[in-house]
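Colleague: Top to bottom, those sequences are chains A and B. Just so you know, the first sequence maps onto residues 1 to 316 in this note's numbering. Just so you know, the second sequence maps onto residues 1001 to 1257 in this note's numbering. Here it is, the structure, as C-alpha cells.
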Amino acid sequence: MSVMGNTTPPPMAEGKLSRREWLLSDRPASRTQAKLGRAYVSWRRFAENRLALIGLIIILALVLVAIFADLLAPYSPTIGDLANARLLAPAWDHWLGTDDQGRDILSRLIYGSRLTLYVVVLVAVIAAPIGLLVGTVSGYAGGWVDAVLMRITDIFLAFPKLVLALALVAALGPGIENAVIAIAITSWPPYARIARAETMQVRNSDYISAVRLMGASPIRIVLRHIMPLCMSSLIVRVTLDMAGIILTAAGLGFLGLGAQPPLPEWGAMIASGRRFILDQWWVAAAPGVAILLVSLGFNLLGDGLRDALDPRSAGQ
Amino acid sequence: MMIEAASTPALSVRDLEVTYDQFRALKGVSLDIAPRESFGLVGESGSGKSTLLRAVAGLAPVSGGAITIDGKQLGRRRDKAFYRRVQMVFQDPYGSLHPRHTVDRLLREPLDIHGVGDGESRINRALDEVGLGSGFRFRYPHQLSGGQRQRVAIARALIVEPSILLLDEPTSALDASVQAEVLNLLEQIRRDRALTFVMVSHDLAVVTHMCDRLMVMQDGAEVEQLTSAELAERRITKDYTINLLRASEGFTRRQSA
Chain A
1 MSVMGNTTPP PMAEGKLSRR EWLLSDRPAS RTQAKLGRAY VSWRRFAENR
51 LALIGLIIIL ALVLVAIFAD LLAPYSPTIG DLANARLLAP AWDHWLGTDD
101 QGRDILSRLI YGSRLTLYVV VLVAVIAAPI GLLVGTVSGY AGGWVDAVLM
151 RITDIFLAFP KLVLALALVA ALGPGIENAV IAIAITSWPP YARIARAETM
201 QVRNSDYISA VRLMGASPIR IVLRHIMPLC MSSLIVRVTL DMAGIILTAA
251 GLGFLGLGAQ PPLPEWGAMI ASGRRFILDQ WWVAAAPGVA ILLVSLGFNL
301 LGDGLRDALD PRSAGQ
Chain B
1001 MMIEAASTPA LSVRDLEVTY DQFRALKGVS LDIAPRESFG LVGESGSGKS
1051 TLLRAVAGLA PVSGGAITID GKQLGRRRDK AFYRRVQMVF QDPYGSLHPR
1101 HTVDRLLREP LDIHGVGDGE SRINRALDEV GLGSGFRFRY PHQLSGGQRQ
1151 RVAIARALIV EPSILLLDEP TSALDASVQA EVLNLLEQIR RDRALTFVMV
1201 SHDLAVVTHM CDRLMVMQDG AEVEQLTSAE LAERRITKDY TINLLRASEG
1251 FTRRQSA
C-alpha cells in the first residue's frame, strides 16, 4: 500500500493509484495535483478535529437553510394571523410558537438566516481586503507610510466598536446596509494589525530577498508573495470574528438601528420579544438560541481552521 | 568585444561602505573581479563578507563608495537589466524558497518578471541542468531535501541567464556529501556558461578548490588578497590569514581522523 514517492524514481508503477495516493503523491505531475494534494493535507488535519467538523456542519446547515428558505419555511415570515395565532406556545402547528404579530417564529428564523449570512459575508468581503492591503503595504513599505497607516488604524482601534457603529448608523440612517458598512469600517483595523505583523516577519526573509533580486516590483512582491502568506492567519481571524460580527449586527438590530421591521433579523426579533420575555419566553429565546448556535459554529470552525492552516504548525 | 571584456573588470568595487544604523559593517573595501574569474571572500563570522555580497546585490544599505558592473556604475536603485546580469544563491536553502510555492512557480516567477517567453521548456531545461528531473517540478519546498532545495535555488538564479553569480556560503548548510555534489555542480555550470563567480565562505578548503583568487576579510575591512596558488603554497604574510588557515586545517585533520 505504501506507494509513496520515496522509492527510487524509475520503477514507479504508473496508473493504478488510489485517489488518496494520487493526492498524497510525493511527486505530483501537474500544478493541479500539487494544489489538490496540499488542500487534501489541510483537510485531513482539519477533519481530525471533531469540534471543528461540528462547526463546519453548523455553518453548512446555515448556508443551506438560507438558500432553501422558500422551501423550508412553513409560513410567511412577514404576514401573520393576527386574529387566531398571536403568541402561541411551541406546538405541532408552530414548532417554535408565534410572535405578537401572529407570525411563525420558525419561518422567521429560517428567513432571518439570509440576513445573518448577508451581513457576515458582506462585512468579511469589505473588511478583510482593506485590512490585508493596509497591513501588508504598511509592513512592507515601513518608514512614513507605515507610520501614517498605522496611526489611522490606531484611531479606528481606539473607538469602541459598537459605539462607532452606532455613530455611523446614526449618521447614515438605520437599515441593514448601513449596519454592514458600519461594522465593516470598525472591524478592519485588527486585520491590518495581523497582516502587518505577518509581513514584518517575512519581509527580510531570504525568499523575499530572492524575489527582490529577481527584479520584482514592490507591488508584485506584496500582492503575489506576501499576501498569500498572510491569508491563512487572516482567514482564521475573520472566521473567529464572524461570531462577533453577528452579535454586533444583532446588537444594532436590537437597538432598532439595524434591519427594520418587518425584516426577520434575529437581533430585532429578540428586541421585539423582550416585552413578553416573562410570559412568552419563546419569542425571544428562539432567535437567541439561533444566534448562539451560529456564533458557536463560526468559533469552532475558526479554531479548526487555525490548527489546519497555521503555517507555523504546518511546518515550512 | 572579447578584448574589451578582458580589460574591464566584470565587477569592480571601490571604497565600499555599508552602515546598519550606527554600525559600520563595511569599512571601505575595494576589489576588481575579471570576467569569468572565480573570486572568493573568506573570513570569520561578522567579518563583512556576506555584507559585501549583499551590498553588490542591492540588499544592504550602501553609505559610500561605488560598485561597477562591466564598466557601468550602479545607482541607488537597481534596474531590471542588472537583475538579469547578476543573480545570487543564498546560504540557507530552507529559508530562500517561498514555502507556499511549487518549484514550478518559483522558477516561473523570474521568467514572468522579465517577460521571457518559452517558459515550459526553459523550466525543464533549468531543472535538468541542476540534476533534478522534471519529476521535481510540481513539488513544494517542504517535499525536498536541503541539497535538492539548493539545486532549485541555483536553477532559479540561472534561469534568467546571468553572467555574474553571487554565492553566499552556498554549501555551509548542507552535509558533507551533498556539499561536494553541489560544489561540483557549480563548477560544472561555471565552465559551461562562462560565469563570473563571487563566493563567500568561511571554509578555506572550499575556496581554494573553487576560486582563482580570494580576499581575506576581518572586521569589515580587507586583510589581504591572494591567489589560490599562493594560499596552497603557504605564501602568506599576514598573521590573521595564517591563523585562519591553521584553524581550518585543524578542523579537517580532526574530521579525517
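For every residue, glycine included, the Cβ atom is placed at its ideal position computed from N, Cα and C. Since we're looking at a predicted model, the values are computed, not measured.
What residue range does the alpha helix (DSSP H) around residue 1218 of chain B cover?
Modeller: Premise fails: residue 1218 of chain B lies in the beta strand (DSSP E), 1213-1218, not in any alpha helix (DSSP H).
Colleague: Closer than 7 Å between beta carbons: that is the criterion. Which residues of the region 1073-1096 of chain B meet it against chain A?
Modeller: For the region 1073-1096 of chain B, the residues whose beta carbon sits under 7 Å from a beta carbon of chain A are, in order, 1080, 1083, 1087, 1088, 1090, 1092, 1094, 1095 and 1096.
Colleague: In whole angstroms, what is the alpha-carbon distance linking residue 1166 of chain B and residue 1090 of chain B?
Modeller: 8 Å
Colleague: Please compile the residues from chain A whose C-beta is within a distance smaller than 8 Å of the C-beta of residue 1059 of chain B.
Modeller: Chain order gives the chain A residues near residue 1059 of chain B as 209, 212 and 213, where near means a beta carbon separation below 8 Å.
Colleague: Please determine if the region 183-200 of chain A and the region 124-136 of chain A are in contact, where contact requires at least 3 C-beta pairs separated by less than 8 Å.
Modeller: The region 183-200 of chain A is in contact with the region 124-136 of chain A.
Colleague: Within 8 Å (strictly less), CB to CB, does residue 1110 of chain B reach chain A?
Modeller: yes
Colleague: Could you tell me which of A:207, A:238 and A:200 sits nearest to residue 129 of chain A, measuring between CA atoms?
Modeller: A:238
Colleague: Would the beta-carbon of residue 1149 of chain B fall within 8 Å of that of residue 1094 of chain B?
Modeller: yes
Colleague: Can you name the residues of chain B whose CB is closer than 8 Å to the CB of residue 146 of chain A?
Modeller: What residue 146 of chain A touches in chain B: nothing, since even the nearest Cβ is about 17 Å away.
Colleague: Taking 8 Å as the CB-CB cut-off, is residue 27 of chain A touching chain B?
Modeller: yes
Colleague: Looking at the structure shown, is residue 1032 of chain B part of a helix, part of a strand, or coil, going by DSSP?
Modeller: strand
Colleague: In the DSSP output, what is residue 1066 of chain B paired with across the bridge?
Modeller: B:1014
Colleague: Within 8 Å of any Cβ in chain A, is that where the Cβ of residue 1140 of chain B sits?
Modeller: yes
Colleague: Chain B beta carbons: is any one of them nearer than 8 Å to that of residue 302 of chain A?
Modeller: no
Colleague: Quick check: what's the CA-CA separation for residue 1222 of chain B versus residue 1215 of chain B?
Modeller: 7 Å
Colleague: For residue 1100 of chain B, tell me which candidate among A:302, A:298 and A:229 has the shortest Cα-Cα distance.
Modeller: A:229
Colleague: Taking 8 Å as the threshold (C-beta atoms), are residue 261 of chain A and residue 108 of chain A in contact?
Modeller: The Cβ-Cβ distance between residue 108 of chain A and residue 261 of chain A does not fall below 8 Å.
Colleague: At a cut of 8 Å, does the region 1222-1236 of chain B reach the region 1052-1062 of chain B through at least three beta carbon pairs?
Modeller: no
Colleague: At least one CB of chain E closer than 8 Å to the CB of residue 1104 of chain B: is that the case?
Modeller: In the structure shown, chain E does not exist; the protein chains are A and B.
Colleague: Figure out for me which residue from A:87, A:104 and A:90 has the closest Cα to the Cα of residue 79 of chain A.
Modeller: A:104
Colleague: Does the Cβ-Cβ distance between residue 69 of chain A and residue 110 of chain A come in under 8 Å?
Modeller: yes
Colleague: What does residue 1148 of chain B reach in chain A if we use C-beta pairs closer than 8 Å?
Modeller: Residues of chain A passing the Cβ test: none, with the nearest at roughly 12 Å.
Colleague: Going along the chain, which unbroken runs of the alpha helix (DSSP H) with 4 or more residues stay wholly within the region 156-235 of chain A?
Modeller: 161-172, 176-202 and 206-213
Colleague: Alpha carbon to alpha carbon, what distance is there between residue 112 of chain A and residue 173 of chain A?
Modeller: 21 Å
Colleague: Please tell me whether residue 1100 of chain B has its Cβ less than 8 Å away from any Cβ of chain A.
Modeller: yes
Colleague: Sorry if obvious, but does the Cβ on residue 1078 of chain B come closer than 7 Å to a heavy atom of the ligand MN?
Modeller: Summarising the ligand content, the structure contains no ligands, and the ligand MN is consequently not present.
Colleague: Which of the residues in the region 32-53 of chain A, read from start to end, lie with their CB under 8 Å from any CB of chain B?
Modeller: So the close ones are 33, 34 and 38.
Colleague: Does the count of Cβ pairs from the region 243-252 of chain A and the region 1108-1116 of chain B closer than 8 Å reach three?
Modeller: With a cut-off of 8 Å on Cβ pairs, the region 243-252 of chain A is not in contact with the region 1108-1116 of chain B, counting fewer than three such pairs.
Colleague: Identify the contact partners of residue 1270 of chain B in chain A, using a Cβ-Cβ distance below 8 Å as the criterion.
Modeller: Within the shown structure, residues of chain B are numbered from 1001 to 1257, placing residue 1270 of chain B beyond reach of any answer.
Colleague: Three or more C-beta pairs under 8 Å: does that hold for the region 1150-1162 of chain B against the region 1125-1135 of chain B?
Modeller: yes
Colleague: Taking all protein chains shown into account, do 16 or more other C-beta atoms lie within 10 angstroms of the C-beta of residue 1168 of chain B, making it buried, or fewer, making it exposed?
Modeller: buried
Colleague: Cα-Cα, which of A:63, A:64, A:100 and A:58 is closest to residue 77 of chain A?
Modeller: A:100
Colleague: Where does the unbroken alpha helix (DSSP H) through residue 55 of chain A begin, and where does it stop?
Modeller: 50-67
Colleague: Find the nearest neighbour of residue 270 of chain A within the set A:254, A:259, A:279 and A:278, judged by alpha-carbon distance.
Modeller: Comparing Cα positions, the closest option is A:254.
Colleague: For residue 1088 of chain B, which residues does DSSP report across the bridge?
Modeller: B:1166
Colleague: What residues in the region 221-233 of chain A bring their beta carbon closer than 7 Å to a beta carbon of chain B?
Modeller: 225, 228 and 229
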